[in-house]
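Remarks on the structure that follows.
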Amino acid sequence: MKKRKVLWLWCLTVILCFPLVGFKASSEETSSKGTVQTETGSILNSSDIAEQTTESTEYSSETVASSSDSVDETSMSEKEQVTKKDEPSVQTEPISEKFFISISDVNYVLLKNLDGEIIDDGGKNYQKTLAAQEVTSDDDTKYYILSNPKGEVGYIDPNSTERVTGEEGKLFSESDDAYASIQSTDAKLFTIDFEQNGTTEELKDQTFKIAGYYNHYDEKVYYLLKNSSDQSIGIVEASAVEKTNNPAGIKHAVNDYYSIVKEDQKIWKDLDFADELGTTATINEKTFNIKEWYYHFNGKKYFALYDDSQAFKGFVEAITIERANNAGGIWRTVNQYITVTKNHGTIWNDFEFKSGKTTKSMYQRTYRATGYYNHFNGTKYLSVYDNKGNWQGYLNERDASVSSTPGGGWNSTNQYVTITKISGTIWNDFEFKSGKTTKSMYQRTYRATGYYNHFNGTKYLSVYDNKGNWQGYLNERDASVSSTPGGRWNSTNQYVTITKISGTIWNDFEFKSGKTTKSMYQRTYRATGYYNHFNGTKYLSVYDNKGNWQGYLNERDASVSSTPGGRWNSTNQYVTITKISGTIWNDFEFKSGKTTKSMYQRTYRATGYYNHFNGTKYLSVYDNKGNWQGYLNQRDGSNSNGAQGTGFSMNKSVLVIKSGYSIWNNFSWKEKTRTNSLINKTYQVKWYYKHMNGSTYYSLYDSNGKWFGYVNSGAVRERRGAAQYMGTTRQRVLNELTVHQNDRFYLSTPYRGLSSSNPEPFLSPYGAPNGHGPGMNCTGFVACVMRRSGGNLNRISGITQGWGSYANAYNWRDALMRNTEYYTFNSVDTLLKSGKAQKGDIIYFDPVWTDINYDCHIGIFWGNRSNENRIWHQVLAGNMQSHIFSGTRFSKIYLFPQD
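Under mature numbering (1 follows the signal peptide of the UniProt record, and there is no 0), the residues of the sequence shown are numbered -27 to -1, 1 to 872, in order.
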């Protein structure tokens, strides 16, 4: 049917075009092959053929094919003969106008000509946009002949292409992590329809998402850009951007200084915004070195902060900082007054710190600071001017004290001033608007408690009268300084014995500062002179035997003595010898005596004393049998209100080992209980007493810190340190840990929670794993260390028989509390401040028993100093050295010393 249709159409064409055929045939006979191709190309490119539908195109091809089949071989034209001989049996002339395609088949085949010769272009034209014209072979096969601005590219199967509407080609999708940072300021910006819409000047450095790309016919790549709101920004040439897979955009390397200007901004560890390092409140106004910045896809700039040690401190948003001209930071205006407090500081001319001058001549003078810089080096520098407006330089704030008034910094003193100018003014404040004349104060003496070196260059004294009423600020030039209000000095050489217990010896003649004569009562002093004061009283200037001035004493409170020995004072008291190397004298010639070594910490009775002129109080001492021992320097003993003597501090744990001893409620011998029922019980001794009866008594406290009573020391035995108790030493424990403090013998061993009564699975460090493989709980780590140090773990398990044996920290607590010394603390801070902890000691955390998931914890103190916050322990994260902590809340901390 198709052939008959073609034949019918062919006949109709011959009839209608017969005259023309004859003309064309004549032309063909005299035309070359190239002329034919041109003519054919002209026909194929006509507007009529370009507008044909696919059906009409197929119809034309069938017509031509049918026509070719119908021609007798003997009547072939010259053109047909050439085609048959030299060319493939296809039409090679385009039959449509040019249009644009994108090669969409990654496995496309490009033909040099239609005889099947393939062009190997390495796939470089994949997704490229090319101009195309349709050609059809003699057997009705369609091809596109492709070209680019440089010329013909080849033939391709249309199925390997996708027809596009314009020269831009097809929009190809880009990966989800494709971003572009604008690098050009004058690249053209196109709309989605490829209409120019300005340039990239205002988009410089910004980062956008690449939503897709075009391989344009002009052989350039164009990116479709969108912002973080998924709004189209436009289309730009790829050469105008730098592509990245980081939403932060590309790194912009700089070397600038910026100062923090906002204190409520977040600091980020990186630009994934997953880890926040805090806010700028802690670094507000500080200056940092900026080494890089990013224009993030979210539309904000972020800058990387580095401190003066080149340590990275985080990323902040651009609104957080302000650029400085140099390392000094940005200028900040103030209006302050500063007084220079350091006489060997330096005030600088610039921030190169090469040129400056010493503050020696500026010391204690007041200047004005109009602003300051928080320098990159961490120092705040004030910009300082004198009172004439002359700039002095940049002063380190630490070398000055800041004041809000022009008076400057307060300087304390204690002087007496006599007004010497009758027409001066004493001011109420430093505005100098309110004051009074010195006329009524002329030649009177006042007290100056301090002064100001004012910004105007004048020194002003703060003046009080003898009743403590403040008078005002007095120009120092209007007064003279006096050392005392007492009047004239009169020399003498006398010994005086204090006879009034309630008198006062004064430090000065303002009579505001002094002390009672109670402690001086009946003691002898030397008077080197006196003042007949204006108030009518004679005041003795009193010194002790070492030449130390005691004060001014009213003569009525003393009597003159001819000897420096002093007088006898009766008493009835108990003293405990507290100095092992003292001397107890036989007389006051101090030639004959004996050492207090054999009397050390024993208690005696004193029946009287002497306050000797040499400044020493000597007690007349007797033992418990009434034998006089001699004169004891009171500083070598401690007074007590009873025969038990003075208590000595102790922090030892003791075990009751003997029955038949009394537990006393007090030293009046009121019995509380007896030791018969207390055998093997543990108590803490916080004090002990060397009684005058010759016995030592311990003050006992129970495990809750409650006082229990006094017991004779013979009834108890002191408990030992943990290492001694377990049969080893602190040094062996330290040796074991020190040799492994930097390797993985213990460190990083995984945590294995206590889950059976067999302790061994929980004592298996990396460096010595047992058959259970590496794993320890907190107690297992301590037990492993103590055992490897020579400790006997049966001293733990054999005492408590508790579940988990020596892998259960509760068993350690109970065994060590019964048998060793220990201390308790309420917090890590009090532990560190106590000074008790030594490296290698055992730390135990008792749980809060009311918590749902209560648990204890145990480890080894690893501080090099008693206040260094370090522990070596096993935690859920594995074996580590860290600051001291427990994984759960604790009610108290037990410290078990190793010795």
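For every residue, glycine included, the Cβ atom is placed at its ideal position computed from N, Cα and C.
Integer Cβ distance of residue i from residue j, believed to fall under 8 Å
{"i": "T410", "j": "S396", "result": "7 Å"}
{"i": "V137", "j": "I74", "result": "6 Å"}
{"i": "F145", "j": "Y81", "result": "Going by Cβ atoms, the distance from F145 to Y81 rounds to 15 Å, so no, they are not a contact pair."}
{"i": "T312", "j": "A373", "result": "6 Å"}
{"i": "W835", "j": "I844", "result": "6 Å"}
{"i": "I816", "j": "I857", "result": "7 Å"}
{"i": "F681", "j": "Y795", "result": "Their Cβ separation, rounded to whole angstroms, is 17 Å, which puts F681 and Y795 out of contact at 8 Å."}
{"i": "N448", "j": "T431", "result": "6 Å"}
{"i": "E210", "j": "K193", "result": "6 Å"}
{"i": "T134", "j": "Y116", "result": "The pair is not a contact, with the Cβ atoms about 11 Å apart (cut-off 8 Å)."}
Same chain, Cβ closer than 7 Å to residue i, five either side skipped, listed in chain order
{"i": "V214", "result": "A153, S154, I155, Q156, Y196"}
{"i": "I645", "result": "Ile is not the amino acid found at residue 645; the sequence shown has Lys there. Excluding positions up to five away in sequence, the list reads I636, W637, N638, G682."}
{"i": "E147", "result": "I183, A184, G185, Y186"}
{"i": "R760", "result": "L766"}
The ligand GDP heavy atom lying under 7 Å from the CB of residue i
{"i": "T569", "result": "The ligand GDP is not part of this structure, which contains no ligands at all."}
8 Å CB neighbourhood of residue i in its chain, flanking five on each side removed
{"i": "Y634", "result": "R647, T648, V684, N685, G687, A688"}
{"i": "R705", "result": "A696, S762, G763"}
{"i": "K242", "result": "D248, E249, L250, G287, F288"}
For residue i, three-class secondary structure by DSSP
{"i": "L87", "result": "coil"}
{"i": "Y698", "result": "helix"}
{"i": "M665", "result": "coil"}
{"i": "F869", "result": "strand"}
{"i": "residue 873", "result": "Missing from the structure shown is residue 873; the chain here goes from -27 to 872 and no further."}
{"i": "D530", "result": "helix"}
{"i": "F563", "result": "coil"}
{"i": "A213", "result": "helix"}
{"i": "F754", "result": "helix"}
{"i": "G771", "result": "helix"}
{"i": "E140", "result": "coil"}
{"i": "I129", "result": "strand"}
{"i": "D159", "result": "coil"}
{"i": "R760", "result": "helix"}
{"i": "L849", "result": "coil"}
{"i": "E192", "result": "coil"}
{"i": "A300", "result": "coil"}
{"i": "S148", "result": "coil"}
{"i": "N384", "result": "strand"}
{"i": "T314", "result": "coil"}
{"i": "E370", "result": "helix"}
{"i": "T319", "result": "strand"}
{"i": "I183", "result": "strand"}
{"i": "E107", "result": "strand"}
{"i": "S202", "result": "coil"}
{"i": "L233", "result": "Before going further, note that residue 233 is Ile rather than Leu in the sequence given. Residue state, collapsed to three classes: strand."}
{"i": "residue 874", "result": "No statement about residue 874 is possible, as the shown extent of the chain runs from -27 to 872 and does not include it."}
{"i": "N740", "result": "The sequence given here places Gly at residue 740; Asn does not occur at that position. Coil."}
Contacts around residue i, its chain only, beta-carbon distance under 6 Å, and the 5 residues preceding and following it disregarded
{"i": "S671", "result": "Going by the sequence as given, residue 671 is Tyr instead of Ser. Correct list, in chain order: V658, Y661, V684, S686."}
{"i": "Y346", "result": "G301, G302, Y354"}
{"i": "Y425", "result": "G380, G381, Y433"}
{"i": "A(-3)", "result": "Note that A(-3) scores 34 on pLDDT, short of 50, meaning its location in the model is unreliable and no value can be drawn from it."}
{"i": "G748", "result": "P723, R725, S737"}
{"i": "Q607", "result": "K590, L592"}
{"i": "Q617", "result": "F640, Y662, H664"}
{"i": "R786", "result": "Y817"}
Along the chain, which unbroken stretches of the alpha helix (DSSP H) at least 4 residues long are found entirely within the segment 776 to 823?
782 to 792, 801 to 807
(request) Could I get the ranges of all uninterrupted beta strand (DSSP E) runs contained in the segment 240 to 278, with 3 residues as the minimum, in chain order? (result) 249 to 252, 260 to 268
### Message
Under 8 Å: do the segment 233 to 247 and the segment 198 to 217 share three or more Cβ pairs, one atom per stretch?
### Response
no
Segments of 3+ residues assigned as beta strand (DSSP E) that fall wholly inside the segment 600 to 639
601 to 606, 610 to 613, 620 to 629, 635 to 637
Practice prompt. Count the CB pairs spanning the segment 765 to 779 and the segment 709 to 718 that are closer than 8 Å, and state whether there are at least three.
Written response: no
| said: Under 8 Å, with one C-beta from each stretch per pair, do the segment 799 to 808 and the segment 745 to 763 reach the 3-pair mark? | reply: no
Next on the checklist: Quick check for students: name the residue ranges of the beta strand (DSSP E) that lie wholly in the segment 324 to 356, counting only runs of 3 or more.
Outcome noted: 329 to 331, 339 to 347
*the segment 356 to 371 in contact with the segment 330 to 342 per 3-pair CB rule at 8 Å*: yes
*Just checking, does the segment 847 to 862 make contact with the segment 777 to 791 on the three C-beta pairs under 8 Å criterion?*
no
Practice item. Go through the segment 391 to 435 residue by residue and report every complete run of the beta strand (DSSP E) that reaches 3 residues or more, in order. Key: 398 to 400, 408 to 410, 418 to 426
Any contact between the segment 514 to 527 and the segment 539 to 559? By contact I mean 3 or more CB pairs, one from each, below 8 Å. no
Would the segment 574 to 593 count as touching the segment 543 to 550 if we require 3 or more Cβ pairs under 8 Å? yes
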